Amino acid sequence: MKTEEVLKVEHVSFRYEKENVLEDVTFSVRKGAFLGLVGPNGSGKSTLLKCILGLLKPQQGNISLFGTPISEFKEWHRVGFVSQKANSFNTGFPATVYEVVASGLTAKLGLFRFLTAREKQAVMEAIEAVGMAKFHKQNIGELSGGQQQRVFIARAIVSKPELLILDEPTVGVDVHHVQSFYNMLDELNRRLGITLLLVTHDVGTITEKVTHVACLNKHLYFHGKADEFAQLQDHDLSKFYGHHLHVLSHQH
Amino acid sequence: MVEAMFQYEFLRNAFLAGVLIGLVAPLLGVFIVVRRLSLIADALSHVTLAGIAASLLIEKKFGTFVGWNPLYMGMGFSVAGSLFIEKLRSVYKYYQELAIPIILSGGIGLSVIFISLANGFNTDLFSYLFGSVSAVSRQDVWIIFGIACAVIMAIGLLYKELFLLSFDEEYAVASGIRAKTIHFVFIVLVALVIAASMRIVGILLVSSLMTLPVAASIRIAKGFKQAIVYSVLLGELAVIAGLFMSYELDLAPGGTIVMLSVLILLITILWKKWRRG
Chain A
1 MKTEEVLKVE
11 HVSFRYEKEN
21 VLEDVTFSVR
31 KGAFLGLVGP
41 NGSGKSTLLK
51 CILGLLKPQQ
61 GNISLFGTPI
71 SEFKEWHRVG
81 FVSQKANSFN
91 TGFPATVYEV
101 VASGLTAKLG
111 LFRFLTAREK
121 QAVMEAIEAV
131 GMAKFHKQNI
141 GELSGGQQQR
151 VFIARAIVSK
161 PELLILDEPT
171 VGVDVHHVQS
181 FYNMLDELNR
191 RLGITLLLVT
201 HDVGTITEKV
211 THVACLNKHL
221 YFHGKADEFA
231 QLQDHDLSKF
241 YGHHLHVLSH
251 QH
Chain B
253 MVEAMFQYEF
263 LRNAFLAGVL
273 IGLVAPLLGV
283 FIVVRRLSLI
293 ADALSHVTLA
303 GIAASLLIEK
313 KFGTFVGWNP
323 LYMGMGFSVA
333 GSLFIEKLRS
343 VYKYYQELAI
353 PIILSGGIGL
363 SVIFISLANG
373 FNTDLFSYLF
383 GSVSAVSRQD
393 VWIIFGIACA
403 VIMAIGLLYK
413 ELFLLSFDEE
423 YAVASGIRAK
433 TIHFVFIVLV
443 ALVIAASMRI
453 VGILLVSSLM
463 TLPVAASIRI
473 AKGFKQAIVY
483 SVLLGELAVI
493 AGLFMSYELD
503 LAPGGTIVML
513 SVLILLITIL
523 WKKWRRG
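The listed protein sequences derive, respectively, from chains A and B. Residues in the first sequence are numbered from 1 upward in steps of one, following this note's numbering. Residues in the second sequence are numbered from 253 upward in steps of one, following this note's numbering.
Next up, the structure:
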């Protein structure tokens, strides 16, 4: 039996004025998957994300989350999102890692409600899950870019979403720490069972960790398992990127 | 001053009002400073001045509102000014700080017109400009007490929303926080606190009580809650010590409190530098 479809994108097309940004894009993400959505800059990745998050309405096609069409979807607490701009915050802001992660519960708690012992524990668990436990009392501005990104992921997972969407999360992460960052995402996916949708322009590193890959450049050029993607020849990828490309695989 | 406080009611009033303001001004100030809106307090204090000038003008020219506390009209103007600022901030989405000089110059312009229409006031206006220990009435203390209660309650209840809006407004809005309503409540509170503070520190100096203790505290605080606690403690220190000094040395309380805040800020910066080695 196949697992539940967390996200389903069917024949989605989107255009700004006269320019087509997405053309007939179809793919789905099943529960427990770790999908890497790759594509060069300007390939429509961000537009597709905005459509998935319900911020833009595609002119054609349907998107559903957890089996519900996006226009009727109300359970947004099941979806976590870490935006590309997350770590462009005011680094002088006096907030500890704990306080930032706890703020991820604000909407779920609602007005006039305070954190209970159980929720406080959930905050610590989220911080531990991203490997930041020993920094929880530190001001977020004092951390490195990669550590800050982990904190924002903790903020997104503290409300226990089933699907976590990450937009270019390794931007601003030190090259040496990218691998351990992906390991952490792998942990979230395997241990906590969070379905991940990771958007990136970096094809090289991503293919080692994800279970599925989708290549987007207006059209969807490839959608399948990561090992099938690895077998693609360079010239297939060059076609998709529009210029010659050689994928570097990291050996660790 | 302690013995004198038992003797003279006006000193007791000044002290109570000072302690209340020393608490609520930095409390709101933390949220203002981290959102980079420090100058909003300045703009609103000038609008408050216009309200007070209007009230005094009406009293002088028409004989109405005699005995009416000018603070009320000051508050009314201040709240109206705060709403204008919010409106202007949404009109100039990409130049949000423009709202502040617009309201500030509007406020001071109106004040000057009212003052000239009245052909000047007596020394009364002077106490609003620079603060005065003797000007605080029992009624003022009650008004300030009411405002302080409202501020503490609102901050307590809306703390997590205000924190998130200050730290990451885009995320807050995306996650469904009612940003507009919360902004509205917050800015009205700021307007009220500004109107309330001017009896002690005066209109020209009121913003300093909202920003200087916070500026010192964010140098040394770990986390937001600690920043609030330190801001309030440093604010109280400046107000209480400032009131004592101004009484003993016969100085204007507003100026003394502000200069003490500056001194505290300098000490914090030096201390932090020295600790880092």
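Cβ atoms here follow ideal geometry from the backbone N, Cα and C, with glycine treated the same way. Remember, it's a predicted structure, so these values are computed and weren't measured experimentally.
Item: Beta-carbon neighbours of A/S103, restricted to chain B and to distances below 9 Å; Value: K412, F415, L416, F419, D420, Y423, A424
Item: Status (buried if at least 16 other CB within 10 Å, exposed otherwise) for A/Q147; Value: buried
Item: Those residues which DSSP pairs with B/Y347 across a bridge; Value: According to DSSP, which records beta bridges pairwise, B/Y347 is partnered with nothing at all.
Item: Per DSSP, cross-strand counterpart(s) of A/F81; Value: A/I165
Item: Interface residues of chain A facing B/V453 [CB-CB closer than 8 Å]; Value: Residues of chain A passing the Cβ test: none, with the nearest at roughly 25 Å.
Item: Nearest-angstrom beta carbon gap, A/A133 and A/I290 [assumed within contact, 8 Å]; Value: Because residue 290 of chain A is not part of the residues shown, which for chain A are 1 to 252, the question remains open.
Item: Within the region 115-158 of chain A, ranges of the alpha helix (DSSP H) (whole runs, at least 4 residues); Value: 117-129, 145-157
Item: Continuous alpha helix (DSSP H) stretch holding A/D227: start and end; Value: 226-230
Item: Where A/G61 sits in the DSSP three-state scheme; Value: strand
Item: Option nearest B/F382 by Cα separation, candidates B/E349, B/A431, B/M511; Value: B/M511
Item: For A/H177, the three-state DSSP class (helix, strand or coil); Value: helix
Item: Beta strand (DSSP E) segments (min. 3 residues) lying fully within the region 328-413 of chain B; Value: none
Item: Alpha-carbon to alpha-carbon, A/V9 and A/S46; Value: 15 Å
Item: Three-state class that DSSP yields for A/H212 in the structure shown; Value: strand
Item: Integer Cβ distance of B/L263 from B/V385, believed to fall under 8 Å; Value: 7 Å
Item: B/S342, buried or exposed, once every other Cβ within 10 Å from all chains shown has been counted against 16; Value: exposed
Item: At least 3 beta-carbon pairs within less than 8 Å: the region 269-286 of chain B vs the region 390-407 of chain B; Value: yes
Item: Contact set between A/F112 and chain B, taken where Cβ atoms lie within less than 9 Å; Value: L409, L410
Item: Beta-carbon gap between A/V82 and A/P161 smaller than 8 Å; Value: no
Item: Contact list for A/A117 against chain B, beta-carbon separation under 7 Å; Value: Neighbours of A/A117 on chain B: none; closest Cβ ~16 Å, over 7 Å.
Item: Bridge partner(s) assigned by DSSP for A/Y16; Value: A/E19
Item: Cβ-based burial, B/E413 [other Cβ within 10 Å; buried from 16]; Value: buried
Item: Enclosing beta strand (DSSP E) for A/F34 [first to last residue]; Value: 34-38
Item: Proximal residues to B/V445 (C-beta, below 7 Å), its chain only, five neighbours per side dropped; Value: V276, A277, L280, I399, V403
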